[in-house]
Structures are given as structure tokens and as C-alpha cells.
Ligand code: ADP
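Numbering (my numbering), first residue to last: 1 to 421.
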């Protein structure tokens, strides 16, 4: 009897101990589920209600785990697609917290913005307003500027802000339109500069023609003088229009030059001879060296000629009377180096980086007086790029020196016969 009682106690104690352990495992699974850890299982083998509860809980965890994996793989797929996009993307939930972004957005704001609010990621009042409106169900398209990160320049963004269905949140797609806006500004400046340049000779031509018409043509002396002025301005107009046409042709991506071996020494000699009357008229000493020894270069004859004419013509134009122009051509490994240098006051260093810009002149009055359009070096820059060369300028000790490097025809670098700038 006593033995039976003792056995009953032991069994009872063991059963209650197993129940306590099972209950603890159940608690651990529930805790894991609340923390979105769907991989934990109770794995109870005991019969009875606690065991059944454990098995039901495991089945629930299994279902949640499968659903979560599917959801995660959908999100991963979505992120891969978003990362392949050129635009920055931000998805926020109904409380304005960012739930999804892509790499372009992280790059733009300088950090991973997931978990932050839209407002923390992009600090601009117009954007905040657009987000608020999208939360009310209204789409918006806006453009604004933000600071650049990592020392980069300010960015101009065009944002398309749209509400998600059932007001679950907002999706914003950002296009970085900085380059477009810079190009717009450059275009506007160019049109303003070009019309200003064209207006000056046109106004002069019109003014002198009207003066002639109003009676000056009856005074032969005055008529001759006025006609000369008209002709001078007409030539200037022609030079401008020609340079503008050249520039638009050479700037374009479409123009491809057929490169072939060109004997640059002979070409340089021809160019210097062709401009001899100008250099003689100013009493300049022109010293040429290396013309007979340089190996052929890979270029397009007419393009290279136009570059050399511009450089030698400028050297003659900007050398004061009685000064000196030095032209040298020499072979280096891979390149032929052509130098055109001239004496004179030189170019102050702050102007040097800008002389290849369109319409940039160190002394605008002097350039115009000498028949310059301010476009010559800009044309040179584009042509040099198209023939695969490089051009630099320096100025020291009263000398200005343009150095042009063109690939040698016998260099492996000049294998490609068609240039794409
Ligand atoms: P421009 O028609 O005015 O000569 P360019 O584009 O050829 O236009 O040159 C731009 C400016 O660079 C010139 O206005 C001049 O101030 C300066 N420059 C160019 N070449 C020389 C040179 N050889 N010596 C001194 N200054 C020069």
C-alpha cells in the first residue's frame, strides 16, 4: 500500500516536472514569435493538452516562417530591381518612416535611410509638403536643390511623389537633373554671348548704312570711310558665323574624323608660310625648329591644319610688334609634341584655365580689335579631342606657350583609325 502511494507520488512529481518544462518551452516559442523569430520550435512529444498546444504552436511558427521567407525574398527581389535603377527611390509607410530605398538614394543622402523618416533623409520644406500631401492622397512633381555629400556640389533633384494604395504610405522617385540644369545654364549663357557678339557688328553696319542713306553718301570722303567700316564689321560678322558653325559641328558627338598618318612637320611649315604676310607686317621674328625630323602623326589633315592655323595665328596676333614667335616640333615616346610660343606680356595665371572656354578673352577689347571672335581656342580644344590629342597652355617670363600632343602614327595608341570624342 505504502509502496503504491510512493510510486504514485513519484509519477505525479515527474508529470508535473515534465509539464513545467513543456510550459517553459512553449513560453520560449511564444516569446520568439513576438520578436519575429519564426525559426524556434517547442517540439513537445508529450501527450495531452500541453503537448497538443505545443504541436499547434510549432505548426503556426512553420506557417509564419514560410510566409516571412516569401515576403523577404519578394523584398530582396524588389531591392535588386530598385538597385538596378538609375533613379533614387524611397518608400515610406503611413507614419512617414522609410521602409524601402535603393543604393542610388543612399549615395545621394550619404547614409542608409531605411528606418529614418523621409524628412530626416531629405531636408527640404517643399519635399516635406509634398510628402504630407501624398499622405492625404495627392501626387506631386517638384524640383529642388539639396546639399551634396562627401564634398560634392549641390544636386538638383526632380521628385515624383505618389501615394500608395489605401494610403498605406508614399513612394518617391528622385531624378538627379543637376547635369541637365548645368547644361541649360551653359546653353543660355552661350545664346546670350552669341547674340551679344552678333549684335555689335550688326548695329554698326546698320548705323553706318543709315548715315550713308541720310546724306553721307553725297560726301565721297565720308562715304568711303563709312563703307570701309561697314566692310570691316561685315567681315567680323562672317568670322563669327563661320566660327559658330565650326563649333557646333566639332562639339557634336556625331562628327567622327577619319584618322590617317599626317606629316605634321610639313603641315606646320605650310601654316607658318601661309601666315608670313601677317608676321612680316608686324616685324616679328619667327623661329621654326624640328620641322624636317618629326615622324608622322595619326590625325585628320584638315582638322590638324585648323588647329595649327589657330595657334600660330593667335601667336602672331597677340605678340607685340617686333616680338618673337617660336614653333617647335619634336618626337617623344608615343606622341609628337608641337609647341607654339610667343613673346609679349603673357597671360596672367588666373586666366590660363579659362582660355579654352567659349567667348573667353583675356582682354576683350584687344581681341575684337584684332578681329578675334573668342571662339578659336574652344574650336581647337574640340578638334584636338577628336584626333585623340591633348593641349595645354602655360605662360611665364613674358612668354605664352601652347603645347599640343598628337599620337604618333607608329604608336600602338593610334591603332583605332576612327576617333570618337
Ligand atoms: P580670340 O578670337 O579672342 O583670339 P581665342 O579663343 O583664340 O579667341 O583665344 C582666347 C583668348 O586667349 C584671347 O582673347 C587671348 O586673350 C588669349 N590668347 C590666345 N592665344 C594667345 C597667345 N598666343 N598669346 C596671348 N594670349 C592669347
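No residue lacks a Cβ here, since even glycine has one placed at the ideal position from N, Cα and C. Keep in mind the model is a prediction, meaning the values are calculated, not measured.
Using a threshold of 8 Å, state whether the C-beta atoms of residue 145 and residue 158 are closer than that. Against a cut-off of 8 Å, the Cβ pair of residue 158 and residue 145 comes out as no contact.
State the Cα-Cα distance for the pair residue 101 and residue 139, rounded to the nearest angstrom. In this structure, the alpha-carbon of residue 101 lies about 19 Å from that of residue 139.
Provide the residue span of the beta strand (DSSP E) that contains residue 125, from first to last. Run containing residue 125: none in the beta strand (DSSP E); it sits in the alpha helix (DSSP H), 125-135.
Can you have a look at residue 264 and say buried or exposed, based on whether 16 or more other CB atoms are within 10 angstroms of its CB? Within 10 angstroms of the beta-carbon of residue 264 lie 16 or more other beta-carbons, which makes it buried.
Status (buried if at least 16 other CB within 10 Å, exposed otherwise) for residue 20: With fewer than 16 other Cβ atoms inside 10 Å of its own Cβ, residue 20 counts as exposed.
Are the CB atoms of residue 405 and residue 335 nearer to each other than 8 Å? Less than 8 Å divides the Cβ of residue 405 from the Cβ of residue 335.
Spatially closest choice to residue 152 from 395, 108, 261 and 95, by CA coordinates: Cα-wise, what sits closest to residue 152 is 108.
DSSP state of residue 33 mapped onto helix, strand, coil: In the three-state reduction of the DSSP assignment, residue 33 falls in the helix class, which pools H, G and I.
Answer yes or no: the CB of residue 80 versus the heavy atoms of ligand 1, is any distance below 7 Å? Answer for residue 80: no, Cβ out of range of ligand 1.
Does the distance from the CB of residue 344 to the CB of residue 318 come in under 8 Å? Closer than 8 Å, so yes.
The alpha helix (DSSP H) spanning residue 250 covers which residue range? Looking at the DSSP string, the run of the alpha helix (DSSP H) that includes residue 250 is 220-251.
Could you tell me the alpha carbon to alpha carbon distance between residue 124 and residue 141, rounded to whole angstroms? Rounded to whole angstroms, residue 124 and residue 141 show a C-alpha spacing of 14 Å.
Pull up the distance between the alpha-carbon of residue 36 and that of residue 30, whole angstroms please. Just so you know, the alpha carbons of residue 36 and residue 30 end up roughly 10 Å apart.
Decide if residue 340 is buried, meaning its Cβ has at least 16 other Cβ atoms within 10 Å, or exposed. Buried: at least 16 other Cβ atoms inside 10 Å.
Continuous beta strand (DSSP E) stretch holding residue 396: start and end: If you look at residue 396, you'll find it in the beta strand (DSSP E) that goes 390-396.
Going straight from the alpha carbon of residue 178 to that of residue 131, what length do you get? Residue 178 and residue 131 have their C-alpha atoms spaced approximately 22 Å apart.
Who does residue 330 pair with in a DSSP beta bridge? Answer is 337, bridged to residue 330.
If we ignore side chains and look at the alpha-carbon of each, how far apart do residue 185 and residue 192 end up? Taking the CA atoms as reference points, residue 185 sits about 10 Å from residue 192.
Ignoring anything shorter than 4 residues or poking outside the segment 68-145, list the alpha helix (DSSP H) runs there in chain order. Listed in chain order, the complete alpha helix (DSSP H) runs (minimum 4 residues) inside the segment 68-145 are 103-109, 118-121 and 125-135.
In terms of residues, what are the limits of the beta strand (DSSP E) holding residue 297? Start and end: 297-299.
Between which residues of its own chain and residue 432 is the CB-CB distance below 6 Å, once the five residues before and five after are set aside? Outside the displayed span of the chain (1 to 421) sits residue 432, for which this structure offers no information.
One question on the structure: do residue 284 and residue 325 come within less than 8 Å of each other, judged by their Cβ atoms? Against a cut-off of 8 Å, the Cβ pair of residue 325 and residue 284 comes out as a contact.
Where residue 282 sits in the DSSP three-state scheme: Here residue 282 sits in coil by DSSP.
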